[in-house]
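**Q** Numbering (the working numbering), first residue to last: 3 to 45. Don't be surprised by glycine CBs; every beta carbon is placed ideally from N, CA and C. Computed from a prediction, not measured in an experiment: that's the story for all the values here.
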Ligand SMILES: [Zn+2]
């Protein structure tokens, strides 16, 4: 039996990623802006 290896997250700055296309932004505002520009829901 081997050791159970836990999930290791790569070093990464906290950020926000678009749930639709996966593009990452450093700020929520940047993502918000992206959503409005690229993924207009018509909302
Ligand atoms: Zn996107």
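#1: If you run the structure through DSSP and keep just helix, strand and coil, what is residue 26?
#2: Rounded to whole angstroms, what's the CA-CA distance from residue 37 to residue 5? Just pull it up for me.
#3: When the Cα atoms are used, what is the spatial distance from residue 21 to residue 8?
#4: Determine the direct distance from the alpha carbon of residue 32 to that of residue 23, and round the result to whole angstroms.
#5: When you compare only the Cα positions, how much space is there between residue 26 and residue 42?
**A** Reading it off the structure:
#1: Counting from one through the chain shown, the residue named residue 26 turns up at place 24. Note: residue 26 maps to strand in three-state DSSP.
#2: Mapped onto the chain shown, residue 37 falls at position 35. Mapped onto the chain shown, residue 5 falls at position 3. Each residue's Cα considered, the two are about 42 angstroms apart.
#3: The residue labelled residue 21 in the question sits at position 19 within the chain shown. The residue labelled residue 8 in the question sits at position 6 within the chain shown. Cα to Cα, residue 21 sits roughly 25 angstroms from residue 8.
#4: For the purposes of this step, residue 23 is identified with residue 21 of the chain shown, where counting begins at 1. For the purposes of this step, residue 32 is identified with residue 30 of the chain shown, where counting begins at 1. Approximately 14 angstroms between the Cα atoms of the pair.
#5: Against the chain shown, residue 26 aligns to sequence position 24. Against the chain shown, residue 42 aligns to sequence position 40. For residue 26 and residue 42, the distance between alpha carbons rounds to 17 angstroms.
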